[in-house]
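In UniProt numbering, the protein residues as written are 1 to 162.
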């Protein structure tokens, strides 16, 4: 910042004779006394409000709320109860029939087989990676170069990498 001219000091500015058009944020001298008394009074009242003793809940303490009170008994309509019971029997029968269906049994069996196959593929993939890096259960440490190549090619066939 060398070589830049310095700004003139603030005291060098001429005072405004009429007191109008101020740019500073300072309040006029008459207001200064009132503001300086209001700030401590507000702080004292705020501190008294915040530091007061806690209020006890009174008769409502321990009340579990309106949700726990049972509502009034509604009138029972016999034909609706019969209709509901018939529908429940029908739905239970449909569920049992679906659970015993051949299609669902076939899909569950395929899902079980796919899960086993996917688990084996993942194990083979990680075994192949371990063999290539020379770490883990499938490490090729201590194998000759030919044994290592045969082992990795067999793992690649099993993992489907080739």
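All C-beta atoms in this analysis are idealised placements derived from N, C-alpha and C, irrespective of residue type, glycine included. Every value quoted in this text rests on a predicted model; they were computed, and no experiment measured them.
Looking only at C-alpha atoms, which of 105, 151, 45 sits nearest to residue 127? Minimum Cα distance to residue 127 is reached at 151.
Could you name the residues of the same chain whose beta carbon sits closer than 7 Å to that of residue 159, not counting the 5 residues immediately before and after it, in chain order? Answer for residue 159: 121, 124, 125, 128, listed in chain order.
Assigned exposure category for residue 69 - 16 Cβ within 10 Å defines buried: Exposed, because fewer than 16 other Cβ atoms sit within 10 Å of the Cβ of residue 69.
Residue 127 by DSSP, collapsed to three states: which one? The answer is helix: DSSP assigns residue 127 an H, G or I state.
Helix, strand or coil for residue 77, going by three-state DSSP, please let me know. Coil.
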